[in-house]
Each structure stands twice: as C-alpha cells, then as structure tokens.
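Reading through the structure tokens given below for one structure.
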Amino acid sequence: MLNCRAEPTTSLCRQRCQQDSNFTIMPALKFVQSVWESFRASSGLEPRLLDGLRVTSATPGRVKFELDIEKEHTNRLNILHGGTIASMVDLGGSLAVASRGLYATGVSTDLNVTYLSSGGKVGDRIKAEVSCDKFGKTMAFTSIRFMNDKDQMFARGSHTKYIALAWKDPKNIVEELTPKSQGKE
1 MLNCRAEPTT SLCRQRCQQD SNFTIMPALK FVQSVWESFR ASSGLEPRLL
51 DGLRVTSATP GRVKFELDIE KEHTNRLNIL HGGTIASMVD LGGSLAVASR
101 GLYATGVSTD LNVTYLSSGG KVGDRIKAEV SCDKFGKTMA FTSIRFMNDK
151 DQMFARGSHT KYIALAWKDP KNIVEELTPK SQGKE
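Numbering (UniProt numbering), first residue to last: 1 to 185.
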C-alpha cells in the first residue's frame with residue numbers, strides 16, 4: 001500500500017488527502033475489485049453471466065480470479081461454454097488494465113481464445129491468471145490462462161484494448177500503481 005505523497009499528483013489523491021490526512025491509496029486489489037463492481041452495476045452482460053466471479057488477487061499488471069461453474073455457464077454438452085470463456089477473456093483483459101490504475105479500461109480492438117480442453121462441468125471451480133503484457137499511451141495488450149481444479153490449463157487468450165481516452169478518467173490511480181522504474185511508454 002502506498003501513502004499519499006506530500007504533494008499528491010492526481011485529482012483523486014488530492015481529493016482524498018483533503019478528506020483524510022492519514023489516507024492511504026487503495027492497493028491494486030481493492031481498485032480492481034471496485035472496477036469489477038462498476039462493471040456489475042453498469043453493464044448488461046457481466047452481471048448476468050459472471051455474477052459469481054471473484055477477483056482473488058491483483059498487483060500492478062496481474063490479476064487472478066475464479067468462478068464456480070453453474071448451469072448458465074455451460075453448453076448443451078453440460079460443459080463450460082466457449083462463450084463464457086471468451087467473456088472472461090474480455091473481462092480479464094479489462095481487469096488487467098485496471099490493475100495498472102485505469103478506471104475506464106478502454107475498448108476492445110482484438111480478442112483471441114484458444115480452447116485446449118473442456119474447462120469443466122457444473123460444480124467445478126476454474127481459475128484465471130491475466131497479465132497486462134504491454135501498457136502504453138494508446139494500447140494495452142493482455143494475456144490470460146485458464147486452469148481447471150487440477151491446475152491444468154484448459155484455455156488461453158489475449159485481449160488488446162485501445163486506452164487513449166481512458167487516461168482522462170478522474171478515477172484513475174495510474175501513478176499510485178506504477179512502479180517508479182516504469183511509466184507510460
């Protein structure tokens with residue numbers, strides 16, 4: 001957790017520091033969870049399909065989440081539906097971008113999924129690990145791996161996002177989540 005600096009550099013940090021002089025910036029996990037809650041409150045697809053998704057870990061550039069497979073996640077073969085996986089590639093890429101401090105996570109320009117085997121059936125738990133591989137001024141590139149309850153990879157994907165306009169969101173905390181040696185490229 002990073003403390004507010006003597007001269008906060010973002011409007012959000014300045015605002016919070018004025019409210020509480022002992023305020024500490026949200027770590028990546030809390031910020032990513034708040035972005036996920038925003039998706040759940042504002043979007044049509046994610047809360048209907050992925051309501052049970054849990055963000056379990058987040059550090060700048062990396063997010064882990066899990067989902068218990070329910071009937072609505074399966075196809076007519078009663079196994080995890082490929083569309084559910086594709087939706088998680090999309091959401092996962094957005095959460096990886098959020099882990100770098102962007103509240104508005106941009107728009108998709110490319111999404112790819114490779115299905116390696118069945119992801120499971122109702123009652124199984126799947127886990128995902130997503131990383132923001134490249135984070136620039138206009139584009140973000142993410143990759144994701146899906147593991148079954150035996151820790152075997154059953155799918156992988158990538159998600160590219162246009163983020164140029166997302167930098168303007170006042171809820172961003174990019175500076176607080178960017179390691180000193182890194183920045184916008």
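Every residue gets a Cβ at the ideal spot worked out from N, C-alpha and C, and that includes glycine. None of these values were measured; they are calculated from a predicted model.
Check: Which of helix, strand or coil DSSP assigns to T160; Outcome: strand
Check: Contact set for V35: own chain, Cβ-Cβ below 8 Å, skip 5 residues either direction; Outcome: S94, L95, A98, Y103, T105
Check: Spatial neighbours of N112 in its chain, beta-carbon cut-off 7 Å, leaving aside the 5 residues before and after; Outcome: G157, S158
Check: Assumed close pair I79, K127 - CB separation to whole angstroms, cut-off 8 Å; Outcome: Wrong, their Cβ atoms sit about 17 Å apart, outside the cutoff.
Check: Residues near S21 in its chain [Cβ-Cβ closer than 7 Å; skip 5 each side]; Outcome: With a pLDDT of 31 at S21, under the threshold of 50, the predicted position of this residue should be treated as unreliable, though the coordinate-derived value follows. Within the same chain, S21 has no close Cβ partners at all.
Check: Span of the beta strand (DSSP E) around S131; Outcome: 125-135
Check: V107 burial status per 10 Å Cβ neighbour count (16 or more: buried); Outcome: exposed
Check: G119 vs F154 beta-carbon contact at 9 Å; Outcome: yes
Check: With 16 other Cβ atoms within 10 Å as the buried cut-off, status of L67; Outcome: buried
Check: Continuous beta strand (DSSP E) stretch holding S143: start and end; Outcome: 139-147
Check: Local conformation of E70 per DSSP, three classes; Outcome: coil
Check: Closest residue to D90 among F135, I144, T59 (Cα-Cα distance); Outcome: I144
Check: DSSP-derived helix/strand/coil call for V32; Outcome: helix
Check: The alpha helix (DSSP H) enclosing residue 186, as first and last residue numbers; Outcome: No answer is possible for residue 186: the residues shown for the chain start at 1 and end at 185.
Check: Alpha helix (DSSP H) segment containing R76, residue limits; Outcome: It is not in any alpha helix (DSSP H) - R76 carries neither H nor E in the DSSP assignment.
Check: Which of helix, strand or coil DSSP assigns to V174; Outcome: helix
Check: Own chain partners of E70 with C-beta closer than 8 Å, once the 5 adjacent residues on each side are dropped; Outcome: G52, V122
Check: Cα-Cα separation between Y162 and G83, rounded to whole angstroms; Outcome: 22 Å
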